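Student: Each residue of the sequence shown is one higher than the one before, counting from 2 in my numbering.
C-beta: ideal position from N, C-alpha, C; glycine also.
The structure displayed is predicted, hence computed values, not measured ones.
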Amino acid sequence: MNPSVEFGILAGGKSLRMGSDKGLIPLGSKPMICYLLDTLSSFGFPIHIVTPNEKYQIFGFRVFKDSIADKGPMGGLLTSLQNCRSSHLVLLSCDSPFVSTNAIQKLIKSITGQMISVALIEQRMNPLLAIYPVSVLNRLQECIHEDKLKMTTFIESQPHLTIDMQEFILEDPLEFYNINSPSDVIHCKIKWQ
Numbered sequence: 002m003n004p005s006v007e008f009g010i011l012a013g014g015k016s017l018r019m020g021s022d023k024g025l026i027p028l029g030s031k032p033m034i035c036y037l038l039d040t041l042s043s044f045g046f047p048i049h050i051v052t053p054n055e056k057y058q059i060f061g062f063r064v065f066k067d068s069i070a071d072k073g074p075m076g077g078l079l080t081s082l083q084n085c086r087s088s089h090l091v092l093l094s095c096d097s098p099f100v101s102t103n104a105i106q107k108l109i110k111s112i113t114g115q116m117i118s119v120a121l122i123e124q125r126m127n128p129l130l131a132i133y134p135v136s137v138l139n140r141l142q143e144c145i146h147e148d149k150l151k152m153t154t155f156i157e158s159q160p161h162l163t164i165d166m167q168e169f170i171l172e173d174p175l176e177f178y179n180i181n182s183p184s185d186v187i188h189c190k191i192k193w194q
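#1: What does the Cβ neighbour count give for G61, buried or exposed, with the cut at 16 atoms within 10 Å?
#2: For L171, count neighbouring C-beta atoms within 10 Å of its own C-beta (all shown protein chains included) and say buried if the count is 16 or more, exposed if not.
#3: Measuring CB atoms only, is the stretch 156 to 168 touching the stretch 115 to 129, in the sense that at least three cross pairs come out at less than 8 angstroms?
#4: Is M166 helix, strand or coil by DSSP?
#5: Which two residues bound the contiguous alpha helix (DSSP H) that contains R86?
#6: Report the residue from F99, L130, Y57 whose alpha carbon sits nearest the alpha carbon of I156.
#7: Round the Cβ separation of P53 and L11 to the nearest angstrom and send it over; I've been treating them as touching at under 8 angstroms.
#8: DSSP beta-bridge partners for G9?
#9: Thinking H89 and I105 are a contact (beta carbons under 8 angstroms), I'd like their distance in whole angstroms, please.
#10: Measure the alpha-carbon distance for S136 versus K149 and round it to whole angstroms.
#11: When the Cα atoms are used, what is the spatial distance from F99 to E176?
#12: Does the Cβ of S5 have 16 or more other Cβ atoms within 10 Å, making it buried, or fewer, making it exposed?
#13: Output the distance between the C-alpha atoms of S68 and P128, rounded to the nearest integer angstrom.
#14: From this set, D96, L92, D185, which residue's C-alpha is nearest G77's C-alpha?
#15: Is it true that the CB of C85 sits closer than 8 angstroms to the CB of G13?
#16: When the Cα of R63 is compared with those of H49, Y57, D71, which residue comes out closest?
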């Protein structure tokens with residue numbers, strides 16, 4: 002049976018360095034999250050957003066608040082998996098808006114049974130560019146209840162594959178750039194001019 006895929010975008014961080022909700026800050030002519038939404042929409046798979054901010058409903062996708070508050074990205078993953086209608090969840094973060102269709106396609110093609118597929122970027126796992134089978138949900142809940150909240154530790158404890166994404170950085174150094182502060186916005190300005 003072929004796996005079914007759904008996208009989950011985490012947009013619920015505290016945005017302390019940015020000073021306002023990151024996903025909604027304007028980059029050029031549109032909010033940051035729209036770059037990712039436009040890319041993901043081209044696949045035709047379901048999309049949902051995990052955030053406490055109801056303003057995200059304007060984009061027309063399902064929006065969910067964390068089912069367990071203050072658990073960071075692990076809590077966001079939990080909420081996303083709990084609401085995923087497919088067999089596999091592609092988890093992304095709104096503050097990496099320039100991930101390309103090709104990078105996401107490479108990740109999706111890597112799906113192998115019930116293994117987690119996680120992007121390897123400059124020799125480091127990126128848990129927020131990864132595919133999680135819904136079958137890990139019970140173990141994830143256990144980790145959160147035990148307050149074990151480090152995502153890489155969770156991934157390493159499960160059957161997983163690392164997918165090398167270095168080729169995309171060679172093509173575009175900003176491919177996986179993480180926008181966390183006003184200076185990061187200025188650094189990336191070339192992307193929407």
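Tutor: On the basis of the coordinates in this document:
#1: The residue you call residue 61 lines up with position 60 of the sequence shown. Counting of Cβ neighbours within 10 angstroms places G61 among the exposed residues, the total staying below 16.
#2: Position 170 of the sequence shown, counting from 1, holds the residue named residue 171. L171 is exposed by the Cβ-count criterion.
#3: Touching, yes.
#4: On the sequence shown, residue 166 is found 165 positions in, with the first residue counted as 1. Looking at M166 - three-state DSSP - the assignment turns out to be coil, as it is neither helix nor strand.
#5: Numbered from 1 along the sequence shown, position 85 holds the residue referred to as residue 86. Segment: none, R86 is in no alpha helix (DSSP H) and carries neither H nor E.
#6: Locating residue 156 in the sequence shown gives position 155, counting from the first residue. It is L130.
#7: By 1-based counting over the sequence shown, the position of residue 53 is 52. By 1-based counting over the sequence shown, the position of residue 11 is 10. No, P53 and L11 are not in contact; Cβ-Cβ is about 11 angstroms, not under 8 angstroms.
#8: Numbered from its first residue, the sequence shown carries residue 9 at position 8. Bridge partners of G9 according to DSSP: H49, L92.
#9: Along the sequence shown, read from residue 1 onward, the residue named residue 89 stands at position 88. Along the sequence shown, read from residue 1 onward, the residue named residue 105 stands at position 104. Rounded to the nearest angstrom, the Cβ distance from H89 to I105 is 13 angstroms, too far for a contact under 8 angstroms.
#10: Taking the first residue of the sequence shown as 1, we reach residue 136 at position 135. Taking the first residue of the sequence shown as 1, we reach residue 149 at position 148. In this structure, the alpha-carbon of S136 lies about 18 angstroms from that of K149.
#11: Locating residue 99 in the sequence shown gives position 98, where the first residue counts as 1. Locating residue 176 in the sequence shown gives position 175, where the first residue counts as 1. Their Cα atoms are separated by approximately 5 angstroms.
#12: Within the sequence shown, numbered from 1, the residue matching residue 5 stands at position 4. S5 is exposed by the Cβ-count criterion.
#13: Taking the first residue of the sequence shown as position 1, residue 68 is located at position 67. Taking the first residue of the sequence shown as position 1, residue 128 is located at position 127. Near 19 angstroms, if we compare the C-alpha coordinates of P128 and S68.
#14: Locating residue 77 in the sequence shown gives position 76, counting from the first residue. For G77, the nearest C-alpha among the options comes from L92.
#15: Against the sequence shown, residue 13 aligns to sequence position 12. Against the sequence shown, residue 85 aligns to sequence position 84. No, the Cβ-Cβ distance between G13 and C85 is not below 8 angstroms.
#16: What you label residue 63 is simply residue 62 of the sequence shown in a count that begins at 1. Closest in alpha carbon position to R63, among H49, Y57, D71, is H49.
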